[in-house]
């Protein structure tokens, strides 16, 4: 009986520790934390105060990754196909308009667009320091209508036990902070910035 | 022995009452109307859910300072519109930029708001609850406030099976009430059911309506749910590009949803910005193409119609047959509160 209990507890512990996939966001190889300055190679630096986005896992389950919530960086386990994994970054149009309001769809998480059915797929807020000058920015990137849908399906090379790595330098180095420090609407620019973000998935 | 039996029986009945399932509520579709678009499977109606939604609709607890409820801008006796205010005011007397539309027959609507930006009635209430010019609150605060109210906790548990009130429960309860606001008993409806007859003037007005207005304000819902510009011109004080806000397309600039005309006798003012306070002003606008401003949707221009004063009066007489006093003054949709 004792052996059985020990086995069960060990199995549960194994899945708790190893049965998850860690999301690791980085800038030039340095893990991203909120409210911290990160120097860029060109001398500029960036400070992120909010960063969250939606992912659709191979199991078709939707998750909201929020850097301010450490638990959200641990994804439920998903199996691999030949050391690759097919992820959807951002909800597709069906998910956007499903009318579901539970779990990660809960408007409570601040991703629901009240005035325009659908969800923000990526929220990022912070300050970019360019040539010594601070440029606050706030981007709510979303929209599900063609040709500016913020939803990309991507096959990613990934090995079991490794974190899911997302490099943010391309996204953060191309923020139009001088001309468009805020984006709250779907459109070409939101689409482009979102695409930059998806290219950071390894 | 008898006393013990009755005590046991009473306790048993109380227990049954406490765990009794919600009373299913049938949704009535008037004869000849199209199939409702609302997905009732996503939010099965019950008497308890309807009453919970009704109480929330009338409860200012949803606003940031508990001063404004849904009913502040959607009053029953004005067809759930906001009478006498071109655009509605919310918390801190902040004024919005659109005329609060009447709420009725929402089960048939493919989208909501003047620009059609909201596709689901279940999620619609997030907008007024969180909009700074309306209730100005946030969902987390609303949930905290509701959980503090023991009457609400008990009813939410009864309807949704949990005292842990979530956003979806609040929104779905509100939708159960608003989707139930069906107006189908106007004189027009009774005429189509051959229960009453129109007067001569109403008949003439109806014939003119079918000729000139029915293309957009299509029977029996009196809207075709399309987006149009009716030539009233851009309101430069409000800077509202309408449908283009949602689609991002230039061709949709200054287009707004075609509203239903049901109960319009009571739902003044008219147009998305509430610029006309009287029906005769609306008729004057449509009757005089020379007054129409750019942009304008094509239908009225093609017809180039001009209605004389008598014809305008006839149409107004018909429009008044769309008033459904049973709906406007039904106690079923009136104020209710489950809070003490």
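Chains as they are written, first to last, in my numbering: chain G, 1049 to 1250; chain Y, 198 to 537. The C-beta atom is built at its ideal place from N, Cα and C for all residues, glycine as well. These figures come from a predicted structure and were not determined experimentally.
State the Cα-Cα distance for the pair residue i and residue j, rounded to the nearest angstrom.
i, j, result
"residue 530 of chain Y", "residue 379 of chain Y", "10 Å"
"residue 1068 of chain G", "residue 1125 of chain G", "4 Å"
"residue 1182 of chain G", "residue 1175 of chain G", "6 Å"
"residue 1089 of chain G", "residue 1117 of chain G", "28 Å"
"residue 350 of chain Y", "residue 1123 of chain G", "32 Å"
"residue 1225 of chain G", "residue 1236 of chain G", "16 Å"
"residue 1193 of chain G", "residue 295 of chain Y", "25 Å"
"residue 1195 of chain G", "residue 532 of chain Y", "46 Å"
"residue 1173 of chain G", "residue 444 of chain Y", "25 Å"
"residue 340 of chain Y", "residue 363 of chain Y", "7 Å"
"residue 460 of chain Y", "residue 446 of chain Y", "33 Å"
"residue 1233 of chain G", "residue 1189 of chain G", "7 Å"
"residue 462 of chain Y", "residue 278 of chain Y", "11 Å"
"residue 405 of chain Y", "residue 1223 of chain G", "57 Å"
"residue 252 of chain Y", "residue 1072 of chain G", "46 Å"
"residue 472 of chain Y", "residue 344 of chain Y", "41 Å"
"residue 483 of chain Y", "residue 388 of chain Y", "26 Å"
"residue 305 of chain Y", "residue 264 of chain Y", "31 Å"
"residue 1150 of chain G", "residue 365 of chain Y", "6 Å"
"residue 428 of chain Y", "residue 458 of chain Y", "18 Å"
"residue 1244 of chain G", "residue 1159 of chain G", "20 Å"
"residue 526 of chain Y", "residue 372 of chain Y", "20 Å"
"residue 456 of chain Y", "residue 415 of chain Y", "10 Å"
"residue 292 of chain Y", "residue 270 of chain Y", "11 Å"
"residue 513 of chain Y", "residue 470 of chain Y", "21 Å"
"residue 246 of chain Y", "residue 262 of chain Y", "25 Å"
Drop a sphere of 10 angstroms on the beta-carbon of residue i, count the other beta-carbons inside from all chains shown, and report buried for 16 or more, exposed for fewer.
i, result
"residue 324 of chain Y", "buried"
"residue 1048 of chain G", "There is no way to answer for residue 1048 of chain G, as the model of chain G reaches only from 1049 to 1250."
"residue 244 of chain Y", "exposed"
"residue 290 of chain Y", "exposed"
"residue 327 of chain Y", "buried"
"residue 1169 of chain G", "buried"
"residue 1070 of chain G", "exposed"
"residue 337 of chain Y", "exposed"
"residue 393 of chain Y", "exposed"
"residue 487 of chain Y", "exposed"
"residue 1081 of chain G", "exposed"
"residue 224 of chain Y", "exposed"
"residue 480 of chain Y", "buried"
"residue 1056 of chain G", "Legend: pLDDT at residue 1056 of chain G = 46, less than 50; position of this residue unreliable, value from coordinates given subsequently. So residue 1056 of chain G ends up on the exposed side."
"residue 355 of chain Y", "buried"
"residue 285 of chain Y", "buried"
"residue 1061 of chain G", "The predicted model places residue 1061 of chain G with a pLDDT of 44, which falls under 50 and marks its position as unreliable, so this point remains unresolved."
"residue 1251 of chain G", "With chain G running from 1049 to 1250 in the structure shown, residue 1251 of chain G is simply not present."
"residue 402 of chain Y", "buried"
"residue 301 of chain Y", "buried"
"residue 311 of chain Y", "buried"
"residue 1205 of chain G", "exposed"
"residue 399 of chain Y", "buried"
In the DSSP assignment, find the beta strand (DSSP E) that holds residue i and state where it starts and stops.
i, result
"residue 1104 of chain G", "1093 to 1104"
"residue 1176 of chain G", "1168 to 1178"
"residue 1185 of chain G", "1181 to 1190"
"residue 1202 of chain G", "1200 to 1205"
"residue 1040 of chain G", "There is simply no residue 1040 of chain G to check, as chain G begins at 1049 and stops at 1250 in what is shown."
"residue 391 of chain Y", "Premise fails: residue 391 of chain Y is in no beta strand (DSSP E) and is neither H nor E."
"residue 268 of chain Y", "No beta strand (DSSP E) contains residue 268 of chain Y, which is instead part of the alpha helix (DSSP H) from 267 to 270."
Chain G partners of residue i, CB-CB under 7 Å?
i, result
"residue 324 of chain Y", "1162 and 1163"
"residue 443 of chain Y", "1164"
"residue 327 of chain Y", "1162"
"residue 317 of chain Y", "1147 and 1165"
"residue 428 of chain Y", "Under the 7 Å cutoff, chain G gives no residues; its nearest Cβ is about 26 Å from residue 428 of chain Y."
"residue 314 of chain Y", "1163, 1164 and 1165"
"residue 439 of chain Y", "Going along chain G, no residue has its Cβ under 7 Å from residue 439 of chain Y, so there is no contact; the nearest lies around 12 Å."
"residue 504 of chain Y", "Those within 7 Å of residue 504 of chain Y in chain G number zero; the least Cβ separation is about 36 Å."
"residue 368 of chain Y", "1149"
Grab the span of the alpha helix (DSSP H) containing residue i for me, first residue to last.
i, result
"residue 1160 of chain G", "Counting along the chain, residue 1160 of chain G falls outside any alpha helix (DSSP H), and DSSP gives it neither H nor E."
"residue 368 of chain Y", "364 to 375"
"residue 327 of chain Y", "323 to 327"
"residue 512 of chain Y", "506 to 516"
"residue 524 of chain Y", "522 to 525"
"residue 1218 of chain G", "1217 to 1221"
- Message: What are the residues in the region 1135 to 1158 of chain G lying within 7 Å of chain Y by C-beta distance?
- Response: Correct list: 1145, 1147, 1149, 1150, 1154, 1155 and 1156.
- For the region 230 to 256 of chain Y, enumerate the residues whose C-beta is nearer than 8 Å to any C-beta of chain G, in chain order. Look at the region 230 to 256 of chain Y: the residues with a C-beta under 8 Å from a C-beta of chain G are 236 and 239.
- Query: Closer than 8 Å, Cβ to any Cβ of chain Y: which residues of the region 1228 to 1243 of chain G, in chain order?
  - Reply: Listed by position along the chain: 1233, 1234 and 1235.
- Message: To be precise: take each residue of the region 337 to 365 of chain Y, compare its Cβ to all Cβ atoms of chain G, and keep it if any distance is under 9 Å. Which residues remain?
- Response: Of all residues in the region 337 to 365 of chain Y, 337, 340, 363, 364 and 365 have a Cβ within less than 9 Å of some Cβ in chain G.
- Check each residue of the region 277 to 311 of chain Y: if its Cβ is closer than 7 Å to any Cβ of chain G, include it; give the result in chain order. So nothing in the stretch comes that close.
- Listed in chain order, which residues of the region 443 to 457 of chain Y have Cβ atoms closer than 9 Å to some Cβ of chain G? Taking 9 Å as the Cβ-Cβ cut-off, the region 443 to 457 of chain Y approaches chain G at 443, 444 and 445, given in chain order.
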